[in-house]
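So the sequence lines, in the order shown, correspond to chains A, B, C and D.
Heads up, the first sequence is in numbering that gives the first Met the number 0, so the first residue is 0 and it goes up one at a time.
Heads up, the second sequence is in numbering that gives the first Met the number 0, so the first residue is 0 and it goes up one at a time.
Heads up, the third sequence is in numbering that gives the first Met the number 0, so the first residue is 0 and it goes up one at a time.
Heads up, the fourth sequence is in numbering that gives the first Met the number 0, so the first residue is 0 and it goes up one at a time.
Structure record follows, encoded as structure tokens.
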Amino acid sequence: MIDIQIKADPLDVEISYRQVVDAAAGGNVQFIGTVRDQTKGKKVMRLEFEAYEPMAIKEMTKIAHYITEKWSAIHVSIHHRVGTLKIEDIAVIISISTPHRQAAFEACQYAIDTLKETVPIWKKEVFEDGEVWVAAHP
Amino acid sequence: MIDIQIKADPLDVEISYRQVVDAAAGGNVQFIGTVRDQTKGKKVMRLEFEAYEPMAIKEMTKIAHYITEKWSAIHVSIHHRVGTLKIEDIAVIISISTPHRQAAFEACQYAIDTLKETVPIWKKEVFEDGEVWVAAHP
Amino acid sequence: MKLRISAYGIARDIMNGSSTDMDLTEVKSTGDLKNYLIDTYPAFKDLLSFSLAVHEEYREDDYLLNDGDEVVIIPPVSGG
Amino acid sequence: MKLRISAYGIARDIMNGSSTDMDLTEVKSTGDLKNYLIDTYPAFKDLLSFSLAVHEEYREDDYLLNDGDEVVIIPPVSGG
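In structure tokens form, the structure reads like this:
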């Protein structure tokens with residue numbers, strides 16, 4: 000099963016976990032990306048995420064299909080949040096179940112690394128004295 | 000923070016996650032070990048876990064301390080269940096938060112690999128026609 | 000060639016709008032459009048990278064555009 | 000030397016009980032005790048491994064036992 004979602008509502012680790020648990024799975028690995036309170040020592044007030052949604056769903060689905068192929072994943076769930084997030088809010092949850100646990104770790108790490116490279120989602124850090132689009136400039 | 004528990008009650012991924020989430024964390028990784036429905040093609044009815052509890056807590060605490068040192072983990076939570084578990088029940092949840100996500104993956108994988116080697120916990124697979132202590136014999 | 004240009008993130012700030020229609024006689028490919036955009040909005044040169052998507056796929060510079068295409072400007076992504 | 004021997008998992012099945020008191024004159028170290036256990040319960044030889052713990056720590060074979068120690072037999076672990 001592959002489940003890809005972009006949501007304006009808060010994400011839920013339990014819901015994501017329940018999507019992937021399976022009687023055939025030997026390992027379930029979850030990556031949960033949360034909002035940090037500072038960037039290079041500068042205090043972050045909040046983050047604003049936006050997505051080019053149809054393409055973001057398409058790119059995340061590609062990641063899930065690749066994982067299903069390469070690591071024989073049983074289930075892959077990728078949920079990404081958009082809108083305004085405060086510190087410690089969850090931006091992304093990736094849950095993967097595989098027959099053997101080593102594969103789940105590798106697949107989950109591949110998923111978050113690739114998501115950060117290819118999926119058209121952007122975040123803007125809002126500081127007390129300004130804001131900046133993350134990673135936009137060298 | 001380090002939290003190590005051995006419990007007869009069902010484990011909860013949300014509770015474990017909430018223990019490790021932190022405003023300074025760039026990555027949270029959870030490993031969730033669940034009961035598979037078969038071993039080498041043989042149908043498993045249930046699993047029975049037992050622990051030498053004081054030493055199991057001590058060995059899991061060693062793992063958590065090592066992770067805190069080596070991967071600068073912010074929080075480590077290891078919860079292991081004992082008693083009778085049915086298919087898809089959670090046997091273990093390991094949750095780790097680190098400043099950078101790569102470390103959380105490595106630390107979590109180290110934790111489950113080492114737990115399976117050193118922590119005095121045993122499981123017995125119960126089949127329709129018998130039972131076997133897992134990994135006892137070559 | 001008539002194109003609809005959409006922009007997200009910092010690209011929207013640079014273009015001062017999320018969507019605009021352009022009629023560009025010299026533009027044949029995504030590479031041509033990139034050059035046009037950099038000429039018109041020099042701030043695109045300062046980005047770590049920027050890509051163009053058509054029909055929800057990243058396109059190389061030699062991708063030939065069709066009249067009426069929607070082209071989406073993808074500045075460096077930062078999800079997760 | 001008086002020892003309390005505790006056993007978990009398959010070791011408990013082999014010894015037919017979770018705990019037993021022994022008074023062993025020839026045993027000085029954990030290595031001696033291992034040999035005694037293998038002699039008395041040959042099924043221990045068939046295990047993938049078995050370790051002894053004293054004071055909740057794994058002990059090498061040269062660990063010297065004290066009168067009254069509790070020794071825990073640790074057959075191959077299989078948690079997780």
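Built from N, CA and C at the ideal position, the CB exists for glycine as well.
This one's a predicted model, so the numbers in the text were calculated from it and none came from an experiment.
Taking 8 Å as the threshold (beta carbon to beta carbon), is Tyr51(B) in contact with chain D? Cβ-Cβ to chain D under 8 Å: yes for Tyr51(B).
Determine the burial state of Thr97(A): buried for a count of at least 16 other Cβ atoms within 10 Å of its Cβ, exposed for fewer. Its Cβ being crowded by 16 or more others within 10 Å, Thr97(A) is buried.
Cβ separation of Tyr51(B) and Tyr7(D), assumed to be a contact under 8 Å, to the nearest whole Å: Cβ-Cβ separation between Tyr51(B) and Tyr7(D): approximately 5 Å, consistent with a contact (criterion under 8 Å).
Note down, in chain order, every chain D residue with its Cβ under 9 Å from the Cβ of Leu114(B). For a Cβ distance threshold of 9 Å, residue set Val76, Gly78, Gly79 of chain D lies close to Leu114(B), ordered along the chain.
With 8 Å set as the bound, which would you pick, yes or no: does the beta-carbon of Phe104(A) sit closer than that to a beta-carbon of chain B? Yes - at least one Cβ of chain B is within 8 Å of the one on Phe104(A).
At the 8 Å Cβ level, is Leu47(C) part of the contact set with chain A, yes or no? Yes - at least one Cβ of chain A is within 8 Å of the one on Leu47(C).
Under 8 Å by Cβ, that's how I've got Ala55(A) and Ala106(A) pegged, so tell me the actual separation to the nearest angstrom. Ala55(A) to Ala106(A), Cβ: 20 Å. No contact.
Return yes when the Cβ of Ala110(A) is within less than 8 Å of the Cβ of Ile77(A), no when it is not. A contact, by the Cβ cut-off of 8 Å.
Length-filtered (3 minimum) beta strand (DSSP E) runs lying within the stretch 12-41 of chain B: Annotation: the stretch 12-41 of chain B contains the following complete segments of the beta strand (DSSP E) (minimum length 3 residues), in chain order: 26-33.
Any C-beta of chain C within less than 8 Å: which residues of the stretch 3-32 of chain A qualify? Those residues of the stretch 3-32 of chain A placed with their C-beta closer than 8 Å to a C-beta in chain C are Gly32, ordered along the chain.
Please report the distance separating the alpha-carbon of Thr38(A) from that of Tyr57(D). If I take the Cα positions, the gap works out to 44 Å.
Cβ pair count under 8 Å reaching 3, the stretch 26-33 of chain A against the stretch 24-33 of chain B: The stretch 26-33 of chain A vs the stretch 24-33 of chain B: in contact.
Can you check which of these residues, Gly79(D), Pro74(D), Asn65(D), is closest to Ile37(D) by C-alpha distance? Ranking the options by Cα distance to Ile37(D), first place goes to Pro74(D).
With 16 other Cβ atoms within 10 Å as the buried cut-off, status of Pro119(A): By the 10 Å Cβ count, Pro119(A) comes out buried.
Hey, how far is the Cα of Met59(B) from the Cα of Tyr16(A)? Cα to Cα, Met59(B) sits roughly 24 Å from Tyr16(A).
Please name the residue or residues paired with Asp20(D) in a DSSP beta bridge. Bridge partners of Asp20(D): Arg3(D).
Phe104(A) (DSSP reduced to helix, strand or coil): Reduced to three states, the DSSP call for Phe104(A) is helix.
If you check the beta carbons only, do Gly78(C) and Val34(A) fall under 8 Å apart? Not a contact, by the Cβ cut-off of 8 Å.
Taking 8 Å as the CB-CB cut-off, is Arg100(A) touching chain B? True, the Cβ-Cβ gap to chain B drops below 8 Å.
Name the one or two DSSP bridge partners that His74(A) has. His74(A) is bridged to Ser96(A).
Can you name, in chain order, every residue of its own chain whose Cβ lies under 6 Å from the Cβ of Lys44(C), other than the five neighbours on each side? When the five nearest sequence neighbours on each side are left out, the beta carbons in the same chain lying within less than 6 Å of the beta carbon of Lys44(C) are those of Ile37, in order along the chain.
Opposite Tyr57(D) in the DSSP bridges: which residues? According to DSSP, Tyr57(D) bridges with Ala52(D).
Members of the stretch 116-134 of chain B that neighbour chain D once the beta carbon cut-off is set at 8 Å: Cβ contacts with chain D come from Glu116, Thr117, Val118, Pro119, Ile120, Trp121, Lys122, Lys123, Trp132, Val133, Ala134.
Secondary structure of Lys44(D), DSSP reduced to three states: DSSP places Lys44(D) in helix when its eight states are reduced to three.
His79(B) classed as buried or exposed, judged by whether at least 16 other C-beta atoms fall within 10 angstroms: By the neighbour-count criterion, in which 16 or more other beta carbons inside 10 Å mark a residue as buried, His79(B) falls on the buried side.
Cross-chain neighbours of Ile1(A) in chain C, by beta carbon under 8 Å: By Cβ distance, chain C contributes nothing, its closest Cβ being about 17 Å from Ile1(A), past 8 Å.
Where does Ala110(A) fall in DSSP's three states? Residue state, collapsed to three classes: helix.
Between Ala7(A), Asp8(A), Asp2(A), which has its C-alpha nearest Gln18(A)'s C-alpha? Among Ala7(A), Asp8(A), Asp2(A), the Cα nearest to that of Gln18(A) belongs to Asp2(A).
His64(B) - DSSP class collapsed to helix/strand/coil: His64(B): helix per DSSP, three-state reduction.
Is DSSP giving Met44(A) helix, strand or coil here? Three-state DSSP puts Met44(A) in a strand.
For Thr83(B), the residue or residues it bridges with in DSSP: The partner list for Thr83(B) (beta bridge, DSSP) reads Glu47(B).
Does Arg35(A) get closer than 8 Å to chain B when you measure Cβ to Cβ? At least one beta carbon of chain B lies nearer than 8 Å to the beta carbon of Arg35(A).
What does DSSP give as the partner residue(s) for Lys123(B) in the beta ladder? Partner(s): Glu47(B), Trp132(B).
For the beta strand (DSSP E) that Asp38(C) lies in, which residues bound it at each end? That residue, Asp38(C), is in no beta strand (DSSP E); its alpha helix (DSSP H) goes 29-39.
Under three-state DSSP, which class holds Ala55(B)? In the structure shown, Ala55(B) sits in a helix (DSSP, three-state: H, G or I).
Please report the residue range of the beta strand (DSSP E) in which Asp12(C) lies. Asp12(C) -> not in any beta strand (DSSP E); alpha helix (DSSP H) instead, spanning 8-14.
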